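Each residue of the sequence shown is one higher than the one before, starting from 2 at the first, in my numbering.
Note that the Cβ used here is the ideal one computed from N, Cα and C, for glycine as well.
Bear in mind the structure is a predicted one, so any value in this text is a computation, not a measurement.
Below is one structure, written out as structure tokens; the observations come after it.
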Amino acid sequence: MRDNMAMKFEPIILPGIDQKRPLLISGPCSAETEDQVLATARQLAAAGVKIFRAGVWKPRTKPGSFEGVGSPALEWLKRVKTETGMYVITEVATEKHLHEAMKQGVDLLWIGARTTVNPFAVQELADALKGVDIPVFVKNPMSPDIELWVGAIERLYNAGIRRIGLIHRGFSSSEKAVYRNPPQWHIPIEMKRRFPSLPMLCDPSHMGGRRDMIRKLSQQAMDLNYVGLMIETHCCPDEAWSDKQQQITPEALKEVLKSLVIRDTVQTTEDLSVLRGQIDDVDYELLRLFSKRMRISREIGHYKLEHGMSILQTQRYDYILKDRASQGERMDMSSDFVKRVVEVIHSESVRQQMVVMEEVKGKKKRNSPNV
Ligand code: PEP
Ligand code: MN
């Protein structure tokens, strides 16, 4: 096992880009047409963006979705460079992508979440990168397994890559209620502890999966001392061929940037932000558990209906109240507080079961030959 703390990285310094936070990478999810790429790039350059992103090869969950234009789009990125002076970055997942991107003068690369999760793919890229001097950003793996992320960094490092950045884009989850990819802030925080010199960027677009979450997530990332942001922008977001709900216009990006409060990275603020990140995680977990509890309650509702039982089982409720209050006391909470919480949860469970009964009765009526 490598001692991560002993690994010596080099900073990613790009002439013409100052060290002010946030280091910004922006551009469309996918390069779709030459016009779309250039229109978006021109607006971003006018807004002061210095690094332009666009996906040329798109890893899509299902075949038949738009999988990127492929190599011809690299020509458009070249035009972006010459016309606007921006640096360009794209995602590579195979040796072939890498060679083509390098041949066409792409300045920086990123490895996507679906690639970081696969050690074979990362190793193939690392082998192909031997002797190549290019900064590589590594997105967190889809699954919340920090060791896969660490492993990808080690593979690149072993191949001689020293200019590496991290992009936190959230982790896949079956619960899509709040985030498309829940942040699980404790994972990037641990990653920063293990690799203190690697710049950490946040990708609020893939994390939230919704335009209206970009501002808040970007601010949270800044409060956690992230170096930068990768934000998806499109000249006509509603017409985007991929990830349209999460792309914003370059104009909207300007508003997000204007609204960001960049605080000094003094220790106390950092500590507070870390704690707040933990609170966000806990609240999210609580919501997930509430939702699970309600699902089970509805199942119980079906059972009661089938067995002719009434919804309210007073004895059981009485037991729950007493049991949870004393459990809570043992966990340093007041029994009064726990009782109030249980009451609210219980009344929502009862309501859910009533909904189940109404639904089932409604269905029976509709299916009855007399109606
Ligand atoms: C992307 O940046 O467009 C992308 C596919 O990202 P991720 O790998 O984070 O899903
Ligand atoms: Mn995308």
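| query | Just reading off the alpha helix (DSSP H) that leucine 24 is part of, what are its end residues? | reply | Note, leucine 24: premise wrong, no alpha helix (DSSP H); beta strand (DSSP E) at 24 to 28.
| query | Who are the Cβ neighbours of isoleucine 14 in its own chain at under 8 Å, not counting the five residues just before and after it? | reply | Answer for isoleucine 14: no residue qualifies.
| message | Based on DSSP bridge pairs, tell me the residues matched to threonine 91. | response | Looking at the DSSP output, threonine 91 shares a beta bridge with Leu110.
| said: Nearer than 7 Å: is that true of the beta carbon of serine 66 relative to any heavy atom of the ligand MN? | reply: No, the Cβ of serine 66 stays beyond 7 Å of every heavy atom of the ligand MN.
| Does the beta-carbon distance from serine 243 to lysine 59 come in below 8 Å? | Pairing serine 243 with lysine 59 gives a Cβ-Cβ distance under 8 Å.
| field | Closest by C-alpha distance to alanine 47, when choosing among Pro142, Ser144 and Cys236 | value | Among Pro142, Ser144 and Cys236, the Cα nearest to that of alanine 47 belongs to Cys236.
| message | What I want to know is whether the C-beta of aspartate 244 ends up closer than 7 Å to one or more non-hydrogen atoms of the ligand MN. | response | Under cutoff, so the answer is yes.
| field | Among Ile249, Gly229 and Leu230, nearest to proline 238 - alpha-carbon criterion | value | Ranking the options by Cα distance to proline 238, first place goes to Ile249.
| request: Specify whether the region 26 to 40 and the region 75 to 83 touch according to this definition: at least 3 beta carbon pairs, one from each stretch, less than 8 Å apart. | output: Short answer: they touch.
| field | Below 5 Å from a heavy atom of the ligand PEP - residues by beta-carbon | value | Cβ atoms closer than 5 Å to the ligand PEP belong to Cys30, Gly56, Gly113, Ala114, Lys140, Arg170 and His207.
| message | Looking at the ligand MN, does it come within less than 7 Å of glutamate 155, judged from the CB to the closest heavy atom? | response | Checking every heavy atom of the ligand MN against the Cβ of glutamate 155, none is found closer than 7 Å.
| Grouping DSSP H, G and I as helix and E and B as strand, with all else coil, what is isoleucine 280? | Isoleucine 280 falls in the helix class under three-state DSSP.
| message | Taking 7 Å as the cut-off, is the beta-carbon of glutamate 240 closer than that to any non-hydrogen atom of the ligand MN? | response | Glutamate 240: no, Cβ never under 7 Å from the ligand MN.
| field | Sequence-distant residues of its chain with Cβ nearer than 8 Å to isoleucine 232 (five each side left out) | value | Here the set comprises Leu25, Ile26, Ser27, Asp204, Pro205, Ser206, Ile215, Ser219, Ile249, Leu254 and Val257.
| field | Nearest candidate by alpha-carbon position, reference arginine 163, set Trp186, Phe138 and Glu148 | value | A check of alpha carbon separations from arginine 163 across Trp186, Phe138 and Glu148 identifies Phe138 as the nearest.
| message | Please identify the residue among Gln247, Gln221 and Ala129 whose C-alpha is closest to the C-alpha of threonine 95. | response | Comparing Cα positions, the closest option is Ala129.
| message | Please return the same chain residues whose Cβ sits closer than 6 Å to the Cβ of alanine 160, not counting the five positions on each side in sequence. | response | Counting only Cβ-Cβ distances below 6 Å, and skipping sequence neighbours, we find Ala127, Leu130 and Lys131.
| field | Outcome for leucine 313 when other beta-carbon atoms lying within 10 angstroms are tallied against a minimum of 16 | value | That one is exposed.
| request: Could you spell out the range, first to last residue, of the alpha helix (DSSP H) harbouring glutamate 33? | output: Per DSSP, glutamate 33 is not a residue of any alpha helix (DSSP H), being assigned neither H nor E.
| field | Length of the line joining the Cα atoms of glutamate 330 and glutamate 359 | value | Going from the Cα of glutamate 330 to the Cα of glutamate 359 covers about 37 Å.
| field | C-beta contact flag for serine 173 and serine 144 at 8 Å | value | In this structure, serine 173 sits near serine 144, with a CB-CB distance shorter than 8 Å.
| What runs of the beta strand (DSSP E), each 3 residues or longer, lie entirely inside the region 216 to 262? | Runs of the beta strand (DSSP E) lying entirely within the region 216 to 262 and spanning at least 3 residues, in chain order: 229 to 233.
| task | List the residues that DSSP assigns as beta-bridge partners of isoleucine 188. | result | Isoleucine 188 pairs with nothing; no bridge assigned.
| For glutamate 344, which residues from the same chain have a beta carbon less than 8 Å from its beta carbon, with the 5 sequence-adjacent residues on both sides left out? | These residues qualify, in order along the chain: Leu322.
| Measuring CA to CA, which of Asn182, Leu110 and Pro189 is closest to leucine 157? | Ranking Asn182, Leu110 and Pro189 by Cα distance to leucine 157 puts Leu110 first.
| query | What three-state label does DSSP hand lysine 140 in the structure shown? | reply | It is a strand residue.
| Is there at least one non-hydrogen atom of the ligand MN closer than 7 Å to the beta-carbon of glutamate 233? | Under cutoff, so the answer is yes.
| query | Just how far apart, CA to CA, sit threonine 234 and arginine 264? | reply | For threonine 234 and arginine 264, the distance between alpha carbons rounds to 25 Å.
| query | Taking the continuous alpha helix (DSSP H) assigned at histidine 207, which residues delimit it? | reply | Residues 205 to 209.
| said: Distance check for leucine 288 and glutamine 353, CA to CA, integer angstroms please. | reply: If you take the alpha carbons of glutamine 353 and leucine 288, they lie about 16 Å apart.
| task | Please determine, among Pro184, His187 and Thr117, the residue with the shortest C-alpha to C-alpha distance to isoleucine 154. | result | The candidate whose alpha carbon is nearest that of isoleucine 154 is Thr117.
| request: Check each candidate in Pro197, Ala122 and Gly69 and name the one with the smallest Cα separation from methionine 8. | output: The closest CA to that of methionine 8, considering only Pro197, Ala122 and Gly69, is found on Pro197.
| request: Could you please give the first and the last residue of the uninterrupted alpha helix (DSSP H) stretch that includes isoleucine 147? | output: That run of the alpha helix (DSSP H) goes 147 to 159.
| field | Selected residue, minimal CA-CA separation from methionine 208, among Leu199, Trp186 and Lys97 | value | When each option's Cα is compared against that of methionine 208, the closest is Trp186.
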